[in-house]
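Q: Following the working numbering, the numbering of the first sequence begins with 3 at its first residue and continues without gaps. By construction, the Cβ of each residue, glycine as well, lies at the ideal position given by its N, Cα and C atoms. Quick caveat, the model's predicted, so the values are computed rather than measured.
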Amino acid sequence: MLQVANIIAEKDRHVKGLQKRGIKNAEVLLNEVITLDEERKKTQQALDTNLSEANSFAKQIGALMKEGKRDEAEQVKSRNAELKAVNKGLGEQLSEYQKRLKQALYNIPNIPHDSVTVGKSDEDNVEIDRTGEIPQLAEGAQPHWDLIKKYDIIDFELGIKITGAGFPVFKGKGARLQRALVNFFLDEAVKAGYAEVQPPIMVNEASGYGTGQLPDKEGQMYHIASENMYLIPTAEIPITNLYRDVILSEDALPIKHVGFTPCFRREAGSWGSHVRGLNRLHQFDKVEIVEIRKPEESYAALQEMCNHVSGILKKLALPFRTLRLCSGDLGFTSVLTFDFEVYSAAQEKWLEVSSVSNFETFQANRLKLRYKDENKKSILLHTLNGSALALPRIIAAILENNQFEGGIKVPEVLIPYTGFDIID
RNA sequence: GGAGAGGUGUCCGAGUGGCUUAAGGAGCACGCUUGGAAAGCGUGUGUACCUCUAAAGGGUACCGAGGGUUCGAAUCCCUCUCUCUCCGCCA
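(1) Would you kindly work out how many angstroms separate the C-alpha atoms of residue 87 and residue 42, rounded to a whole number?
(2) In whole angstroms, what is the alpha-carbon distance linking residue 393 and residue 258?
(3) Short of 8 Å in beta carbon distance, which residues of its chain neighbour residue 188, apart from the five on each side in sequence? Order them along the chain.
(4) Taking 8 Å as the cut-off, does the stretch 381-392 touch the stretch 127-146 (at least 3 CB pairs, one atom from each stretch)?
(5) What beta strand (DSSP E) runs, 3 residues minimum, are completely inside the stretch 149-208?
(6) Along the chain, where does the alpha helix (DSSP H) containing residue 49 start, and where does it finish?
(7) What whole-angstrom Cβ distance do residue 470 and residue 107 have, given they're in contact under 8 Å?
(8) Can you tell me where the beta strand (DSSP E) with residue 323 in it begins and where it stops?
(9) Let me confirm a value: residue 105 is counted as buried when at least 16 other C-beta atoms fall within 10 Å, else exposed. Which label applies?
(10) So, helix, strand or coil for residue 409, using DSSP?
(11) Relative to the C-alpha of residue 205, which residue among 223, 412, 334, 147 is closest?
(12) Applying the criterion that 16 or more other CB atoms from any shown protein chain within 10 Å of the CB defines a buried residue, is residue 138 buried or exposed?
(13) Taking the alpha carbon of residue 173 as the point to measure from, which residue in 157, 31, 378, 162 has its own alpha carbon closest?
(14) Buried or exposed for residue 7, going by 16 or more other Cβ atoms inside 10 Å?
(15) Using 10 angstroms around the beta-carbon of residue 358, count the other beta-carbons present and answer buried if the total reaches 16, otherwise exposed.
(16) Buried or exposed: which applies to residue 350, given that a residue is buried once 16 or more other Cβ atoms fall within 10 Å of its Cβ?
(17) For a test of the three-state rule: what should DSSP assign to residue 214, helix, strand or coil?
(18) Please tell me whether residue 89 and residue 127 are closer than 7 Å, where the distance is taken between their beta carbons.
(19) Can you tell me whether residue 182 is buried or exposed? The criterion is at least 16 other CB atoms within 10 Å of its CB, across all chains shown.
(20) Beta-carbon within less than 6 Å of residue 168's beta-carbon, same chain only, minus the 5 sequence neighbours each way: which residues are those?
(21) Is the beta carbon of residue 297 sitting closer than 7 Å to the one on residue 384?
(22) By the 10 Å Cβ neighbour count, where 16 or more other Cβ atoms means buried, how is residue 165 classified, buried or exposed?
(23) At the level of alpha carbons, what is the spacing between residue 307 and residue 58?
(24) On the three-pair Cβ rule with 8 Å, is the stretch 315-332 touching the stretch 107-127?
(25) Taking 6 Å as the limit between beta carbons, can you name the residues of its chain near residue 314, skipping five residues before and five after?
Here is the structure:
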């Protein structure tokens with residue numbers, strides 16, 4: 003969530019930033035925050051003064067009782083009683099203001115970066131790079147949903163039988179290809195200096211709020227009612243929340259983690275005929291990188307993360323493009339996001355396989371994630387994350403792009419991991 | 001799932017209504033001491049909000065969370081939550 007002090011100090015920038023996202027009443031929203039904060043302050047000041055007085059009354063009473071001056075003590079008591087009544091009201095007011103302020107802040111998204119262009123949807127995202135050659139497929143090339151049947155490597159019907167639509171079963175060389183990719187991604191990240199973690203894939207409510215999925219995206223996560231927990235839609239949640247309520251020392255920075263987890267998404271309402279095969283699933287595997295950085299370093303880190311992602315895609319020899327998300331497609335919590343899309347040649351489609359974002363202090367403010375600078379001041383840190391990478395669409399692209407009459411060629415770098423070079 | 005015991009500061013740990021401004025110890029920082037170090041001695045040592053400010057200072061809240069009793073709560077009462085131990089179940 004945004005910081006009130008920043009909203010006050012740079013109101014104009016905040017108004018413009020929210021308007022960029024298409025929020026027409028941005029100024030009204032921010033004014034509400036500012037007003038609530040002022041009221042909160044005033045109330046708190048009044049309460050603090052009264053509490054101070056009440057504390058000293060209590061001490062006086064204690065002293066008087068000791069000296070046996072009952073009458074005087076009773077007098078002070080009755081004065082204190084009046085004060086207490088007032089304070090009760092002030093206390094209620096204060097928590098009301100605090101609640102409303104929090105609520106207001108929870109509902110305001112992050113301010114987009116200056117470089118983010120205005121747009122309505124993913125169609126307005128800006129392509130900033132294109133790498134690799136689009137393969138020319140032979141006559142009769144098939145989309146991956148046909149290839150997986152032909153080679154019997156992924157089975158959707160079986161998944162439907164045991165669970166439901168969107169939960170495929172990986173079999174034989176399909177399972178081994180996926181495992182090879184996971185290991186390859188993890189190894190690449192570890193080589194690049196990311197410390198590996200294996201987090202839980204269920205999280206509590208506090209974690210959901212910490213990274214901003216709650217309350218914004220409640221309906222998109224699977225909720226375990228009996229435990230009041232959520233299946234994670236991304237490893238970002240457990241990994242970033244490792245640092246909830248933490249004040250780091252300066253020499254612990256930067257924090258760089260990589261983690262592999264399954265991810266679960268309800269994708270409520272977004273199912274349609276345009277998503278087939280591996281393009282969109284309820285459960286999928288993903289390797290995620292997360293960084294925690296000093297504010298002045300975070301944009302250099304974002305660039306490094308993008309380089310890491312494109313490096314992997316190059317090694318896999320997949321053609322891909324990089325997009326800077328426009329204001330309309332930018333996530334609620336993000337300041338700047340780059341998407342990476344691979345070209346899947348048989349369906350002639352770009353598929354998003356990674357999304358790399360800088361959240362600046364938006365998550366850190368909720369998480370209370372700070373570090374001590376040389377003056378022993380607590381400074382909110384910047385959080386970043388990116389997929390490196392999401393598995394199913396990478397598999398779809400490999401299957402489609404690498405097909406030939408004799409089967410599917412495994413990318414060179416993966417052969418040591420798969421132990422075979424052709425799926426047939 | 002059943003029974004019991006607990007949650008105090010960076011850590012250990014005392015603390016059953018005002019002598020607590022959270023004892024004592026450890027750690028850490030600075031200073032004294034020393035040829036240098038250790039020991040010793042001294043001082044300091046959390047978070048948030050507010051106020052004041054050049055700086056210092058001052059106020060309030062925080063002893064798992066939230067309520068309550070009381071002039072006054074770490075301490076008493078209620079609810080919740082988490083941890084630990086034993087039993088049960090179990091990869």
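A: Well, looking at it:
(1) In the first sequence, the residue the question calls residue 87 occupies position 85. In the first sequence, the residue the question calls residue 42 occupies position 40. About 19 Å.
(2) Position 391 of the first sequence, counted from the first residue, corresponds to residue 393. Position 256 of the first sequence, counted from the first residue, corresponds to residue 258. Answer to the nearest angstrom: the Cα atoms are 21 Å apart.
(3) Translated into positions along the first sequence, residue 188 becomes position 186. Excluding positions up to five away in sequence, the list reads 198, 260, 262, 289.
(4) The stretch 127-146, when compared against the stretch 381-392, does not touch it at the 8 Å Cβ threshold.
(5) Listed in chain order, the complete beta strand (DSSP E) runs (minimum 3 residues) inside the stretch 149-208 are 197-199, 204-206.
(6) Residue mapping note: residue 49 aligns to position 47 of the first sequence, counting from 1. Per DSSP, residue 49 is one residue of the alpha helix (DSSP H) stretching across 28-69.
(7) There is simply no residue 470 to check, as the chain begins at 3 and stops at 426 in what is shown.
(8) Here residue 323 refers to the residue found at position 321 of the first sequence. It spans 322-326 - the beta strand (DSSP E) in which residue 323 sits, taken as one unbroken run.
(9) Here the question's residue 105 lines up with position 103 in the first sequence. The residue in question, residue 105, is exposed, as its Cβ has fewer than 16 Cβ neighbours within 10 Å.
(10) Against the first sequence, residue 409 aligns to sequence position 407. Residue 409: strand per DSSP, three-state reduction.
(11) Your numbering for residue 205 matches position 203 in the first sequence. Nearest to residue 205 by alpha-carbon distance, out of 223, 412, 334, 147, is 223.
(12) Locating residue 138 in the first sequence gives position 136, counting from the first residue. When all chains shown are included, residue 138 counts as exposed.
(13) Position 171 of the first sequence, counted from the start, is the residue given in the question as residue 173. Nearest C-alpha to residue 173: 157.
(14) Indexing the first sequence from 1 puts residue 7 at position 5. With fewer than 16 Cβ atoms within 10 Å of its Cβ, residue 7 is classed as exposed.
(15) Position 356 of the first sequence, counted from the first residue, corresponds to residue 358. By the neighbour-count criterion, in which a residue is buried when 16 or more other Cβ atoms sit within 10 angstroms of its Cβ, residue 358 is buried.
(16) Translated into positions along the first sequence, residue 350 becomes position 348. By the neighbour-count rule (16 or more Cβ atoms within 10 Å), residue 350 is not buried but exposed.
(17) Within the first sequence, numbered from 1, the residue matching residue 214 stands at position 212. Three-state DSSP puts residue 214 in coil, outside helix and strand.
(18) The count along the first sequence starts at 1 and reaches residue 89 at position 87. The count along the first sequence starts at 1 and reaches residue 127 at position 125. The Cβ-Cβ distance between residue 89 and residue 127 does not fall below 7 Å.
(19) Locating residue 182 in the first sequence gives position 180, counting from the first residue. Taking all protein chains in view, the Cβ of residue 182 is crowded by 16 or more other Cβ atoms within 10 Å, so the residue is classified as buried.
(20) Position 166 of the first sequence, counted from the start, is the residue given in the question as residue 168. Close CB contacts of residue 168 within its chain, under the 6 Å cut and outside five residues either way in sequence, are with 283, 284 (chain order).
(21) For this step, residue 297 is matched to residue 295 along the first sequence. For this step, residue 384 is matched to residue 382 along the first sequence. Taking 7 Å as the cut-off, the beta carbon of residue 297 is found closer than this to the beta carbon of residue 384.
(22) The count along the first sequence starts at 1 and reaches residue 165 at position 163. By the 10 Å Cβ count, residue 165 comes out exposed.
(23) Working through the first sequence from its first residue, we reach residue 307 at position 305. Working through the first sequence from its first residue, we reach residue 58 at position 56. Spanning the two alpha carbons is a distance of roughly 57 Å.
(24) Flag = yes, the stretch 315-332 and the stretch 107-127 touch.
(25) As a working note, residue 314 is residue 312 in the first sequence. Around residue 314: 190.
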